[in-house]
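Just remember that our numbering sits 8 ahead of the position in the sequence shown, which is counted from 1. We put the CB at the ideal spot given by N, CA and C, even for glycine. All values reported here derive from a predicted model rather than from experimental measurement.
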Amino acid sequence: MLNPVQTALLVLDYQPAILAALPDGEGYGHRAALLARVEAIVSDVRAAGGTVAHVRVGFTAADWDTIPAANKSFAPVARHRLMHHEDPAVAIHHRLAPRDGDIEVRKVRYGAMSTTDLDRRLRERGIDTLVVAGVSTGGAVLSTVVDAADRDYRLYVLSDGVADPDSEVHRALLDHVFPTRAHVIDSAELRVLLRAG
(Lines of atoms letter the chains of each structure in order from A; the text may use other names.)
(Lines give C-alpha, C1' and ligand atoms only; values in the text may rest on other atoms or scores of the structure.)
Protein backbone atom coordinates (compact mmCIF):
# COMPACT_ATOMS: atom_id res chain seq x y z
CA MET A 9 0.00 0.00 0.00
CA LEU A 10 1.20 3.52 -0.72
CA ASN A 11 -0.12 6.96 0.12
CA PRO A 12 -0.62 8.82 -3.18
CA VAL A 13 -0.17 12.21 -1.49
CA GLN A 14 3.35 11.18 -0.44
CA THR A 15 4.13 9.56 -3.80
CA ALA A 16 5.72 10.91 -6.97
CA LEU A 17 5.91 9.23 -10.34
CA LEU A 18 9.28 10.06 -11.90
CA VAL A 19 9.03 10.15 -15.69
CA LEU A 20 12.65 10.05 -16.83
CA ASP A 21 13.90 11.02 -20.29
CA TYR A 22 10.63 10.50 -22.17
CA GLN A 23 11.95 12.74 -24.93
CA PRO A 24 11.73 12.13 -28.69
CA ALA A 25 15.53 12.13 -29.10
CA ILE A 26 15.94 9.42 -26.45
CA LEU A 27 12.86 7.40 -27.33
CA ALA A 28 14.23 7.17 -30.88
CA ALA A 29 16.77 4.61 -29.61
CA LEU A 30 13.95 2.15 -28.95
CA PRO A 31 12.32 0.06 -31.67
CA ASP A 32 9.18 1.53 -33.16
CA GLY A 33 5.92 -0.35 -32.82
CA GLU A 34 3.58 -1.94 -30.35
CA GLY A 35 5.70 -4.79 -28.94
CA TYR A 36 6.88 -4.92 -25.34
CA GLY A 37 9.74 -2.43 -24.96
CA HIS A 38 8.75 -0.72 -28.21
CA ARG A 39 8.24 3.01 -28.38
CA ALA A 40 4.51 3.20 -29.14
CA ALA A 41 3.47 0.61 -26.54
CA LEU A 42 5.72 2.13 -23.88
CA LEU A 43 4.34 5.62 -24.45
CA ALA A 44 0.76 4.37 -24.23
CA ARG A 45 1.45 2.57 -20.94
CA VAL A 46 3.23 5.53 -19.37
CA GLU A 47 0.54 7.94 -20.56
CA ALA A 48 -2.03 5.79 -18.71
CA ILE A 49 0.20 5.57 -15.62
CA VAL A 50 0.58 9.36 -15.52
CA SER A 51 -3.20 9.71 -15.67
CA ASP A 52 -3.67 7.14 -12.89
CA VAL A 53 -1.18 8.86 -10.57
CA ARG A 54 -2.74 12.27 -11.14
CA ALA A 55 -6.25 10.89 -10.57
CA ALA A 56 -5.13 9.33 -7.26
CA GLY A 57 -3.69 12.64 -6.03
CA GLY A 58 -0.02 11.79 -6.56
CA THR A 59 2.66 14.02 -8.05
CA VAL A 60 4.12 13.59 -11.52
CA ALA A 61 7.74 14.70 -11.86
CA HIS A 62 9.11 15.05 -15.39
CA VAL A 63 12.87 14.82 -15.75
CA ARG A 64 14.54 15.56 -19.05
CA VAL A 65 18.13 15.84 -20.18
CA GLY A 66 19.18 18.96 -22.08
CA PHE A 67 22.25 21.17 -22.29
CA THR A 68 23.04 24.84 -22.55
CA ALA A 69 26.32 26.08 -24.02
CA ALA A 70 27.56 26.64 -20.47
CA ASP A 71 26.67 23.04 -19.57
CA TRP A 72 28.64 21.68 -22.52
CA ASP A 73 31.63 23.80 -21.53
CA THR A 74 31.79 22.27 -18.04
CA ILE A 75 31.83 18.63 -19.18
CA PRO A 76 35.38 17.27 -18.89
CA ALA A 77 36.95 15.18 -21.63
CA ALA A 78 37.29 12.34 -19.08
CA ASN A 79 33.51 11.92 -18.89
CA LYS A 80 33.02 8.90 -21.14
CA SER A 81 29.26 9.33 -21.50
CA PHE A 82 28.85 13.07 -21.83
CA ALA A 83 32.12 14.34 -23.39
CA PRO A 84 30.93 13.30 -26.89
CA VAL A 85 27.64 15.15 -26.26
CA ALA A 86 29.58 18.30 -25.38
CA ARG A 87 32.08 17.92 -28.22
CA HIS A 88 29.31 17.62 -30.84
CA ARG A 89 26.98 20.10 -29.10
CA LEU A 90 24.15 17.57 -28.92
CA MET A 91 20.87 17.63 -26.96
CA HIS A 92 20.50 21.41 -26.76
CA HIS A 93 17.82 22.15 -24.18
CA GLU A 94 15.74 24.19 -26.65
CA ASP A 95 15.73 21.53 -29.38
CA PRO A 96 12.15 20.19 -29.83
CA ALA A 97 13.54 16.64 -29.87
CA VAL A 98 14.73 17.20 -26.29
CA ALA A 99 11.34 18.39 -25.01
CA ILE A 100 9.15 16.09 -22.94
CA HIS A 101 7.09 13.98 -25.33
CA HIS A 102 3.82 15.79 -26.12
CA ARG A 103 1.73 12.80 -24.97
CA LEU A 104 3.16 13.23 -21.47
CA ALA A 105 3.15 17.03 -21.39
CA PRO A 106 3.46 18.51 -17.90
CA ARG A 107 0.39 20.05 -16.30
CA ASP A 108 -0.15 22.48 -13.46
CA GLY A 109 0.97 20.86 -10.23
CA ASP A 110 3.59 18.64 -11.91
CA ILE A 111 7.28 19.07 -11.27
CA GLU A 112 9.62 19.56 -14.22
CA VAL A 113 13.42 19.57 -14.04
CA ARG A 114 16.24 19.60 -16.57
CA LYS A 115 19.34 17.54 -15.86
CA VAL A 116 22.80 17.30 -17.39
CA ARG A 117 23.80 13.81 -16.24
CA TYR A 118 22.05 10.43 -16.03
CA GLY A 119 20.53 10.66 -12.57
CA ALA A 120 17.41 12.70 -11.86
CA MET A 121 18.77 14.31 -8.69
CA SER A 122 22.52 14.82 -8.96
CA THR A 123 22.32 17.97 -11.14
CA THR A 124 18.82 19.21 -10.25
CA ASP A 125 16.81 20.50 -7.30
CA LEU A 126 14.39 17.57 -7.61
CA ASP A 127 15.17 16.09 -4.19
CA ARG A 128 14.45 19.42 -2.46
CA ARG A 129 11.22 19.92 -4.39
CA LEU A 130 9.99 16.43 -3.55
CA ARG A 131 10.85 16.85 0.16
CA GLU A 132 9.04 20.20 0.26
CA ARG A 133 5.87 18.35 -0.81
CA GLY A 134 6.33 15.67 1.83
CA ILE A 135 7.06 13.00 -0.77
CA ASP A 136 8.87 9.93 0.55
CA THR A 137 7.89 7.37 -2.10
CA LEU A 138 9.01 7.32 -5.73
CA VAL A 139 7.68 5.29 -8.64
CA VAL A 140 10.20 5.25 -11.47
CA ALA A 141 9.44 5.04 -15.19
CA GLY A 142 12.12 5.93 -17.71
CA VAL A 143 14.34 5.50 -20.69
CA SER A 144 16.90 4.00 -20.46
CA THR A 145 16.99 1.27 -17.83
CA GLY A 146 20.80 1.16 -17.82
CA GLY A 147 21.21 4.95 -17.76
CA ALA A 148 18.69 7.33 -16.21
CA VAL A 149 16.73 4.65 -14.38
CA LEU A 150 19.76 2.91 -12.86
CA SER A 151 21.43 6.15 -11.77
CA THR A 152 18.22 7.54 -10.30
CA VAL A 153 17.30 4.36 -8.43
CA VAL A 154 20.75 4.02 -6.86
CA ASP A 155 20.84 7.70 -5.85
CA ALA A 156 17.25 7.73 -4.53
CA ALA A 157 17.90 4.57 -2.50
CA ASP A 158 20.88 6.29 -0.90
CA ARG A 159 18.58 9.21 -0.06
CA ASP A 160 16.22 6.78 1.71
CA TYR A 161 13.19 7.07 -0.55
CA ARG A 162 10.76 4.17 -0.65
CA LEU A 163 11.15 3.01 -4.25
CA TYR A 164 9.11 1.26 -6.90
CA VAL A 165 10.37 0.56 -10.42
CA LEU A 166 7.72 0.02 -13.08
CA SER A 167 8.84 -3.01 -15.04
CA ASP A 168 6.57 -2.06 -17.96
CA GLY A 169 7.37 1.66 -17.73
CA VAL A 170 11.11 1.33 -18.30
CA ALA A 171 12.97 0.28 -21.42
CA ASP A 172 16.48 0.08 -22.80
CA PRO A 173 17.95 -0.47 -26.26
CA ASP A 174 19.97 -3.34 -24.74
CA SER A 175 17.48 -6.04 -23.70
CA GLU A 176 20.09 -8.02 -21.74
CA VAL A 177 21.03 -5.01 -19.59
CA HIS A 178 17.35 -4.23 -19.12
CA ARG A 179 16.51 -7.74 -17.92
CA ALA A 180 19.56 -8.06 -15.64
CA LEU A 181 18.73 -4.79 -13.90
CA LEU A 182 15.05 -5.68 -13.40
CA ASP A 183 15.80 -9.21 -12.22
CA HIS A 184 18.97 -8.77 -10.16
CA VAL A 185 19.88 -5.17 -9.37
CA PHE A 186 16.70 -3.18 -8.78
CA PRO A 187 15.12 -5.70 -6.38
CA THR A 188 17.97 -4.98 -3.92
CA ARG A 189 16.89 -1.32 -3.74
CA ALA A 190 13.27 -1.12 -4.89
CA HIS A 191 10.01 -2.99 -5.32
CA VAL A 192 9.76 -4.02 -8.98
CA ILE A 193 6.10 -3.93 -10.02
CA ASP A 194 4.11 -3.43 -13.20
CA SER A 195 1.48 -0.81 -13.97
CA ALA A 196 -1.42 -3.12 -13.02
CA GLU A 197 0.12 -3.63 -9.58
CA LEU A 198 0.62 0.13 -9.25
CA ARG A 199 -3.08 0.72 -9.94
CA VAL A 200 -3.96 -1.68 -7.12
CA LEU A 201 -1.59 0.11 -4.73
CA LEU A 202 -2.99 3.53 -5.70
CA ARG A 203 -6.54 2.37 -5.08
CA ALA A 204 -5.61 0.81 -1.73
CA GLY A 205 -3.87 3.99 -0.61
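Classify residue i as helix, strand or coil using the three-state DSSP reduction.
i    : result
F186 : helix
I193 : strand
G142 : strand
E94  : coil
L17  : strand
L111 : The sequence shown places Ile at residue 111, not Leu. In the structure shown, I111 sits in a strand (DSSP, three-state: E or B).
V116 : coil
Residues in the same chain with beta-carbon distance under 6 Å from residue i, minus the five sequence neighbours each way, listed in chain order, please.
i    : result
M121 : D127 and D155
D172 : S144, T145, G146 and H178
Report the rounded CA-to-CA distance for residue i versus residue j, giving the unit in angstroms.
i    : j    : result
G58  : L166 : 16 Å
A196 : V140 : 14 Å
E34  : E47  : 14 Å
H20  : A148 : The identity of residue 20 in the sequence shown is Leu, whereas the question assumes His. Rounded to whole angstroms, L20 to A148 spans 7 Å at the Cα level.
L42  : T74  : 33 Å
F82  : D174 : 19 Å
I184 : A157 : Position check: residue 184 holds His in this sequence, whereas Ile was assumed. Roughly 15 Å separates the two Cα atoms.
E132 : A29  : 35 Å
L181 : S51  : 26 Å
K115 : R203 : 32 Å
D110 : V60  : 5 Å
V113 : Y22  : 12 Å
E176 : V53  : 29 Å
Decide if residue i is buried, meaning its Cβ has at least 16 other Cβ atoms within 10 Å, or exposed.
i    : result
T152 : buried
T124 : buried
D32  : exposed
H62  : buried
A105 : exposed
K80  : exposed
R39  : buried
A55  : exposed
D71  : buried
A78  : exposed
Below 8 Å CB to CB, which residues in the same chain sit around residue i once its five sequence neighbours on both sides are set aside?
i    : result
I193 : Y164, V165, L166, S167 and L201
N11  : T137 and G205
Q14  : G134, I135, D136 and T137
Output needed for residue i: all residues of its chain with C-beta closer than 7 Å, excluding positions within five of it in sequence on either side, in chain order.
i   : result
P24 : A97 and H101
M9  : L201, A204 and G205
Check: Counting pairs of Cβ atoms below 8 Å between the segment 62–69 and the segment 93–100, do you hit three or more?
Finding: Output reads yes: the segment 93–100 touches the segment 62–69.
Checklist line | the segment 37–54 in contact with the segment 98–105 per 3-pair CB rule at 8 Å | finding: With a cut-off of 8 Å, the segment 98–105 and the segment 37–54 count as touching, because enough Cβ pairs lie within range.
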